[in-house]
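Take a look at the structure set out below.
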Amino acid sequence: MAVAARRNPLLTLGKYAAILFYLGFALFPLYWLLKIAITPDKLIFTEGTAFWPSTTTLGNFTKVIWQTDFLRFFWNSLIVSLVSAAITTVIAAASGYAFSRFRFRGQKLVIALMLLTQMFPLLMIIAPIYKIVATLGLLNSLSSLILVYTAFNIPFATFLMQSFFDGIPKDLEDAAMMDGCTRFQALRKVILPLTLPGLGATLGFIFTAAWSEVLFALMLIRSEDSMTFPVGMLTFVSKFSVDWGQMMAAGVLALIPSCLFFIFIQRYLVQGLTSGAVKG
Amino acid sequence: MTQGTQAPGATRAHQRFVWSRLIEPYLYLTPALVLIALVMLIPLVVGVSYSFQSIMLLKPGEAEWVALDNYLALWSDKKFWISLENTLVWTFGSLFFQFTLGLGLALLLNTRFPMKRLFQAIVFLPWAVPTFLTALTWAWLFNPVIGPLPHWLAAIGILPEPFNILGDPDLAIWGPIAANIWFGVPFFAITLLAALQSIPSELYEAAEIDGATAWQTFTKITLPFLAPMIAITVMLRTIWIANFADLIFIMTGGGPANSTQILSTYIFTTAFKKLDFGYASTLAVALLFLLFVYAVVLLALRRRFVRL
Amino acid sequence: MARLDLLGIEKRFGSIEVLRDVNLSIADGEFIVLVGPSGCGKSTLLRMIAGLEDISAGDFLIDGERMNEVAPRHRDIAMVFQSYALYPHMDVARNMGFSMEIRGAEASVRSSRVAAAARTLGLDRLTQRLPRALSGGQRQRVAMGRAIVREPRAFLFDEPLSNLDAALRVEMRLEIARLHRRLNATMVYVTHDQVEALTLADRIVVLNGGIVQQIGTPLELYQTPANRFVAQFIGSPTMNILGVSRTERGVRLANGTEIALPGIDGPVAELGIRPEHLDITDPSGAALTGTADVVEHLGSDTNVYVLVDGLGPLMVRQHGHIGLRAGDRLGLTIQPGQTHAFATDGRALRT
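Taken in sequence, the protein lines are chains B, V and E.
Note that our numbering numbers the first sequence so that position 145 is 145, with each residue one more than the last.
Convert by adding 1000 to the 1-based position in the second sequence; the result is the number in our numbering.
Convert by adding 2000 to the 1-based position in the third sequence; the result is the number in our numbering.
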């Protein structure tokens, strides 16, 4: 299809127009967010629609970091997201491996179960989960969130890991087992080193998902000590007369971890899905 | 571990190996299965049972079984039907644009141009932005005092004058939809790109030699190959979008006048604000049922029309 | 080195029977080749010996000990895979020494054995390289090196040469033959290429559709094939098969020619003649006459595809160069005693 473009200048023009469009489309809201974050308070409403404030300030950032509970929210989110991502990846690697390498009885049933979990609205179980967590005395604790996020992400993470494992020839385990490994040793010494991109991609994907989850965090955590980022920011809005500059500054800071992670891993996501798709 | 004295027999071999075929895979699967059962499946069953009870969290200890009362209330609940209609608008409005823009992006990424790596990383960013941030930012963008969109829309004539569409019952739903489109394009772009890249290039070369135009190549080679992936992603995404309450909840809270209330946000506010777990669960069961019907219909359609 | 015994081996995948009643005894130091068309079960059989597939029925013994339920890593057998299955993230030295690494062998012992194997295979300058920096032939040798380092009781080869180009294949074939001679090891080798089978094997096992067709030395298979399948599988170009009708003392060909088959009883339905056992003569007075259809000049041999009057196409091979052209008329004689009689069920009938 690149060949057709070479021959037709109009098509090439259209292609570059499309590139610019998508770039602008993706970046514009983020740019706006950044713009407000560096606008000093008094100019936020008066220069609301300007493309760039007449004076910029980093004051919002410093205020957010040093004068609010921002750091604690950030820290809570970081813990929850990292731990959830780590635990989920390990569990999903095991189950993804099972799906990739074994033909076992009940396989179809397990797959159906996993699909089922992807289909029903999570909100459906928000009430029971609240009650269960409350009964266990785990309300307002980060571990309840970790538990919930881990379970929610396992099905998709399993699918991702399975795709990555499918891309590695089964011969390698056979050779390792002939060389003296148990299957688990083969997995550890031979297969896992080859799926590092897959592990990284899965980690990053779950981190991003956990990092931005709002509703369950809102439901299960009401005390400010344990609030994660999204919840913290939203209570900002409702509690205090909103300092938009600070809000947006906090927003920009919130962006950084998930965007960084995602930028690194998105290439592997495409790769992994491709090789999985090819194997069928 | 060598043995040598046992009597020959097929049964022994059968025993040993089938056994290891059965426990070994499940050893790997157990953690996943346990977690899913505990955190998702059991609460699911519990949730369904709630729909038959009246549970108000503020009046603990007064939970009682009211059988189908909740469902009857559902039937006559105007808000329910409004949210149902809104859910449809929300879902298919978002889906259509997400898909077409995502497909366009995937096709674009399947070609060659300078700095494509950088472009790809940037263009996939919206997926990584936390949804609450997306919601807040887009709410800002639509606010005429602090955002440019109402002014642009007025300038090109879509709006008679710049105002905040989030406050207009007729137009409010398009605010979250716009945010959802921005957020969802990368998903389709990534999955469709993966599918596009798995199409063997020999097919394109053969088509070129046979004299196919770009359009013919697209419709006769690319689309049929993409069809299974399209079917799966569209089905999954529809369900996710229908369930996706974050954006609406944060941008409009379901208002004004329930014009943006979709089933999921209705469920959430019932549970979160009114703490009426019983009715919330009833709504959730209704939503689940509808999605299930949708999935079944789509699978049946797919089996009929998609051949590959 | 070890003696392998397969007694009544069967393999089923669900309800599909893939191997039936395989009986084979491999002597210590013998080179056995399993050969047959795709899907005949030869690779499955090899993998069962390795322990990578389980045995549905029957017994598999190594040196008299029953191995059916023993895991691959305890069987002390090494395998060279068709795809080589080299560990991509380890260099050549580590690949070859991996089995010792797993068993916790001392690093010095490991490196000396690896170095010796590398020298034997001509890999000593490549030990630090990763598999992806090697050519196909080099990877093949690393795979063999990995097996050699283990000093196992037996070697298994699963179509190791099929991914190599023709010239390399011949070279590696010689390497394997030399390796066998040097190590005097028991080797089981799977291939679909009958040339590899004939050149490498002490004995060949011909398989088709999961059933053993014949076990014998290359010469036995060539001179006295047990059935029509083996007769046509071994020998290139393929043996000519002619439908015949039984007469009192032999058979009659479709064109009326009678051929005596003294000492052969039974319902002969077909007669087989190898192309190299037909001689080209002057057409006048010959029992079989025909026209040359396609002539292949190989220099060392000449293959002539002949349309025989009243019979149909026959393939003839003559040593050296024959100045024939397509369209030339010629006669054919059959070398005496070089026919093979087959019954209706394909079984060979002999005196």
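Where is the CB? At the ideal position from N, CA and C, for every residue including glycine.
Note that the structure is predicted; figures quoted are calculated from it, not measured.
query, result
"Positions along the region 134-165 of chain B whose CB lies within less than 8 Å of some CB in chain V", "Leu-147, Val-148, Thr-150, Ala-151, Phe-152, Ile-154, Pro-155 and Thr-158"
"Minimum Cβ-Cβ distance from B:Gly-251 to chain E less than 8 Å", "no"
"Under the three-state DSSP convention, the category V:Lys-1273 falls into", "coil"
"Per-residue DSSP class, three states only, for V:Ser-996", "Nothing can be reported for residue 996 of chain V, as the shown portion of chain V is limited to 1001 through 1308."
"Candidates E:Pro-2267, E:Met-2172 and E:Tyr-2305, of which the one nearest E:Gly-2136 by Cα", "E:Met-2172"
"Distance CB(V:Ala-1195)-CB(V:Met-1235) smaller than 8 Å", "no"
"Whole-number beta carbon distance between E:Leu-2271 and E:Leu-2242, since they are thought to touch under 8 Å", "5 Å"
"Min CB distance B:Pro-121 to chain E below 8 Å", "no"
"Same chain, Cβ closer than 8 Å to V:Ala-1245, neighbours up to 5 away in sequence not counted", "Ile-1262, Ser-1264, Thr-1265, Ile-1267 and Phe-1268"
"Length-filtered (4 minimum) alpha helix (DSSP H) runs lying within the region 30-118 of chain B", "41-46, 59-67 and 70-101"
"Spatially closest choice to V:Asn-1243 from B:Trp-52, B:Leu-122, B:Pro-29 and B:Pro-230, by CA coordinates", "B:Leu-122"
"Counterpart residues of E:Ala-2260 in DSSP-defined beta bridges", "E:Gly-2250"
"Proximal residues of chain B, C-beta to C-beta of V:Ala-1087 below 9 Å", "In the sequence as presented, Ala is not what sits at residue 1087 of chain V; that position holds Thr. Those do not exist, as V:Thr-1087 stays about 11 Å from chain B at its closest Cβ, beyond 9 Å."
"DSSP three-state assignment for B:Phe-240, whether helix, strand or coil", "Caution applies to B:Phe-240, whose pLDDT of 49 falls short of 50 and renders its modelled position unreliable; the model cannot decide the point."
"Own chain, CB closer than 6 Å to B:Phe-240, minus 5 neighbours either side, in chain order", "Confidence is the limiting factor: at B:Phe-240 the pLDDT is only 49, short of 50, which leaves the residue's position unreliable and the question unanswerable from this model."
"Interface residues of chain B facing V:Pro-1025 [CB-CB closer than 7 Å]", "Ala-98, Phe-102 and Phe-104"
"Minimum Cβ-Cβ distance from E:Ala-2050 to chain B less than 8 Å", "yes"
"Short Cβ contact (8 Å threshold) for V:Gly-1102 with V:Leu-1192", "yes"
"Buried/exposed call for B:Thr-162, threshold 16 Cβ in 10 Å", "The residue you asked about is not Thr; residue 162 of chain B is Gln in the sequence shown. So B:Gln-162 ends up on the buried side."
"Residue of V:Asn-1070, V:Gly-1253, V:Val-1066 and V:Pro-1043 minimising C-alpha distance to V:Leu-1283", "V:Asn-1070"
"B:Lys-170 - DSSP class collapsed to helix/strand/coil", "coil"
"Spatially closest choice to E:Asp-2279 from E:Leu-2198, E:His-2319, E:Glu-2258 and E:Ser-2245, by CA coordinates", "E:His-2319"
"Contact under 8 Å by Cβ, E:Ile-2049 with E:Leu-2004", "yes"
"Segment contact, 8 Å Cβ cut-off, at least three pairs: the region 2207-2214 of chain E with the region 2019-2027 of chain E", "yes"
"Contact residues within the region 2086-2110 of chain E, judged by C-beta distance below 7 Å to chain B", "Tyr-2087, Pro-2088, His-2089, Phe-2098, Ser-2099, Ile-2102 and Arg-2103"
"Alpha helix (DSSP H) segment containing E:Arg-2119, residue limits", "2107-2120"
"Neighbour list for B:Gly-180 in chain E, Cβ cutoff strictly below 7 Å", "Arg-2073, Ser-2099, Ile-2102 and Arg-2103"
"Range of the contiguous alpha helix (DSSP H) that encloses E:Thr-2351", "E:Thr-2351 -> no alpha helix (DSSP H), and no H or E assigned at all."
"Cβ contact (3+ pairs, closer than 8 Å) linking the region 2083-2102 of chain E and the region 177-190 of chain B", "yes"
"Cβ-based neighbour list, E:Tyr-2087, same chain, cut-off 8 Å, excluding 5 preceding and 5 following", "Arg-2094, Asn-2095, Phe-2098 and Pro-2131"
"Short-range partners of chain B found in the region 1106-1131 of chain V, where Cβ spacing is below 8 Å", "Leu-1107, Leu-1108, Asn-1110, Thr-1111, Arg-1112, Phe-1113, Arg-1117, Phe-1119, Gln-1120, Ala-1121, Ile-1122, Val-1123, Phe-1124, Leu-1125, Pro-1126, Trp-1127, Ala-1128, Val-1129, Pro-1130 and Thr-1131"
"Contact residues within the region 198-221 of chain B, judged by C-beta distance below 8 Å to chain E", "none"
"Best match in E:Val-2316, E:Thr-2224 and E:Ala-2341 for proximity to E:Leu-2332 [C-alpha to C-alpha]", "E:Val-2316"
"Residues near E:Leu-2324 in its chain [Cβ-Cβ closer than 8 Å; skip 5 each side]", "Ile-2280, Ala-2292, Val-2295, Thr-2302, Val-2304 and Leu-2330"
"For E:Gly-2041 and E:His-2192, believed in contact at Cβ under 8 Å, the rounded distance", "Between E:Gly-2041 and E:His-2192 the Cβ distance is about 12 Å, and since that is not below 8 Å, they are no contact."
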